[in-house]
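Report on the following structure.
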Amino acid sequence: MPKPLTNITKKDEEIQYKNPLQDGTPYTAGLTRISANSRALFGDVSGTPISQSNLLASSSVYSTPIVRNFISGVDLTIRDAVIMTRNTHCIDLEAGSSQYLSIGDGSQTGLDVTEDITLEAQINLESQPGTNQERTIVAKFDGSSQRAYDLSIADNSGTKQIELKTSSNGSGSGQSQIQYDVTLSLDTWYHVAATLDTTLGIARIYLDGELVYTDVNAGTSIANTSSNFTIGALSAGNRLFDGRIDDVRVWDIKRTGSEIDKNKNIRIGAQTGLVGYWQLNNALTDSSGNGNTLTNNNGASFVTTVPIFSDSLIKADASTAALSDTFIGFCAETVLAGRNPNVFIGGVVPGFSGLSAGARYYLSDTAGGIQTTAGTVNRRVGLAVSETELLIVNIINAT
234 MPKPLTNITK KDEEIQYKNP LQDGTPYTAG LTRISANSRA LFGDVSGTPI
284 SQSNLLASSS VYSTPIVRNF ISGVDLTIRD AVIMTRNTHC IDLEAGSSQY
334 LSIGDGSQTG LDVTEDITLE AQINLESQPG TNQERTIVAK FDGSSQRAYD
384 LSIADNSGTK QIELKTSSNG SGSGQSQIQY DVTLSLDTWY HVAATLDTTL
434 GIARIYLDGE LVYTDVNAGT SIANTSSNFT IGALSAGNRL FDGRIDDVRV
484 WDIKRTGSEI DKNKNIRIGA QTGLVGYWQL NNALTDSSGN GNTLTNNNGA
534 SFVTTVPIFS DSLIKADAST AALSDTFIGF CAETVLAGRN PNVFIGGVVP
584 GFSGLSAGAR YYLSDTAGGI QTTAGTVNRR VGLAVSETEL LIVNIINAT
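Letter 322 of the sequence shown, counting from 1, is numbered 555 in the working numbering, and no numbers are missing.
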């Protein structure tokens, strides 16, 4: 932005200032006095006042939006209000203290997946499974007659493995099991994922976004069981995981390898097919929209040793502080999750319709929306300068 002009002695003056949209490249404007006694200056860029002595006024140059590029964690529509998400915590489960997370079958929504499924998690081992031990990552599986699905790490007679088990009838007779032989290093973050295509009977295991194992003779359905949904143990609290777990996702669709790889290290928002999503970012709440808040069994702690995640965008929402406090601006284009959209983070944003000139606009409780009345979280985000333009103001608890 230009510095205030002082001690002007000539009729015609030329100044330089740095326009933030031009990456620091000086922008030159020719300025002319209104009259010999006037201190207001007009610019030949737009013919509107762009500076007064000791004051800064608006202009077509200043009103150009300030744009920054981010990665999208969810499909976004042009002009959606967005927040930036960041990963700061994960859950640390101690097997020796029988720690795990769970939600009862009667309290869960959407986790009885009976056809295509995708399971994902970030894991960091503190110890290896012992000989012929299994340690569950995420499951709805009780080990007897209520088996649905179970993603785990295991030891099979000394060979370390990642395992996916599903059962078509809830028992061992209907169980399909695939294993990928790999020894995961301790104190190292890995993204582990598994998919089952029940139409084709094909199961796949992914490690850090790479397809590492395929089985073409896997199950063709998954039983709807009464077992608890669990992270870090089976339904009965056995087969305990020992280490840190973060960003657990359950889908009732088969995600592609490209989708898994593209989204493995970014926070995502609610998406089609996402039936459970626990970011475990100092909270046990479900970010899928299904309300599957977990119970912390035996006092597991949140810690700050977390996997590296890219800061990502999801839609802003005034329904909770967590979805409004980090509002940054408005998406400049319609994009799919995992892409890199431009975001207006300052200045006047063009392209709206139906705004009331002069009205204040707040975040709406409808994700991505704005309105002229405050939402649950009172965050003002803009001032309409015309029916199609909004000046970003970004003030929390504004009146």
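We put the beta carbon where it would ideally sit given N, CA and C, even for glycine. Remember, it's a predicted structure, so these values are computed and weren't measured experimentally.
Residue i (DSSP reduced to helix, strand or coil)
i: residue 494; result: helix
i: residue 556; result: helix
i: residue 328; result: helix
i: residue 406; result: helix
i: residue 581; result: strand
i: residue 430; result: strand
i: residue 337; result: coil
i: residue 598; result: coil
i: residue 379; result: coil
i: residue 593; result: strand
i: residue 527; result: coil
i: residue 418; result: coil
i: residue 535; result: strand
i: residue 306; result: coil
i: residue 455; result: coil
i: residue 604; result: strand
i: residue 476; result: strand
i: residue 550; result: coil
i: residue 349; result: coil
Counted within 10 angstroms of its Cβ, other Cβ atoms place residue i as buried (16 or more) or exposed
i: residue 456; result: buried
i: residue 608; result: buried
i: residue 428; result: buried
i: residue 387; result: buried
i: residue 433; result: exposed
i: residue 450; result: exposed
i: residue 400; result: buried
i: residue 468; result: buried
i: residue 390; result: exposed
i: residue 381; result: buried
i: residue 589; result: exposed
i: residue 253; result: Note that residue 253 has pLDDT 38, beneath the 50 cutoff, so the model's placement of it is unreliable and no number is given.
i: residue 290; result: Any answer about residue 290 is weak, because its pLDDT of 34 lies below 50 and its placement is not dependable; what the coordinates show is given next. Residue 290 comes out exposed.
i: residue 431; result: buried
i: residue 491; result: exposed
i: residue 620; result: exposed
i: residue 360; result: exposed
i: residue 301; result: exposed
i: residue 443; result: exposed
i: residue 613; result: buried
i: residue 458; result: buried
For residue i, the nearest candidate out of the options (CA to CA)
i: residue 346; options: 509, 389, 496 and 385; result: 509
i: residue 622; options: 565, 629, 476 and 569; result: 565
i: residue 436; options: 412, 417, 442 and 420; result: 412
i: residue 526; options: 423, 341 and 365; result: 341
i: residue 403; options: 397, 454, 534 and 624; result: 454
i: residue 318; options: 529, 600, 337 and 557; result: 557
i: residue 392; options: 316, 571, 365 and 560; result: 365
i: residue 397; options: 367, 470 and 406; result: 367
i: residue 440; options: 384, 408, 314 and 473; result: 384
i: residue 531; options: 328, 426 and 521; result: 328
i: residue 598; options: 559, 617, 553 and 337; result: 553
i: residue 426; options: 551, 370 and 569; result: 370
i: residue 536; options: 339, 615 and 513; result: 513
i: residue 475; options: 555, 575, 533 and 494; result: 533
i: residue 516; options: 316, 356 and 529; result: 529
Cross-strand partners of residue i (DSSP beta bridge)
i: residue 312; result: None, per the DSSP bridge assignment.
i: residue 487; result: Its beta-bridge partners do not exist; DSSP assigns none.
i: residue 318; result: 545
i: residue 395; result: 386 and 413
i: residue 300; result: 577
i: residue 508; result: In DSSP, residue 508 forms no bridge with anything.
i: residue 400; result: 408
i: residue 499; result: 543
i: residue 368; result: 386
i: residue 566; result: Its beta-bridge partners do not exist; DSSP assigns none.
i: residue 481; result: 511
i: residue 440; result: 425 and 443
i: residue 229; result: Summary: the structure shown does not reach residue 229, with the chain confined to residues 234 through 632, and so no result is reported for it.
i: residue 463; result: 335 and 372
i: residue 616; result: 593 and 624
i: residue 519; result: Bridge partners of residue 519: none, in fact.
Taking 8 Å as the threshold, find out whether the region 488–506 comes into contact with the region 533–543 through three or more Cβ pairs. yes
Meets three-Cβ-pair contact criterion under 8 Å: the region 605–619 and the region 317–329: no
Do the region 466–485 and the region 347–362 meet, that is, are 3 or more Cβ pairs less than 8 Å apart? yes
Under 8 Å, with one C-beta from each stretch per pair, do the region 338–345 and the region 453–471 reach the 3-pair mark? yes
Taking 8 Å as the threshold, find out whether the region 306–314 comes into contact with the region 559–573 through three or more Cβ pairs. yes
With three or more C-beta pairs closer than 8 Å as the rule, is the region 326–335 touching the region 543–560? no
Cβ contact check for the region 412–423 and the region 371–378: 3 or more pairs under 8 Å: no
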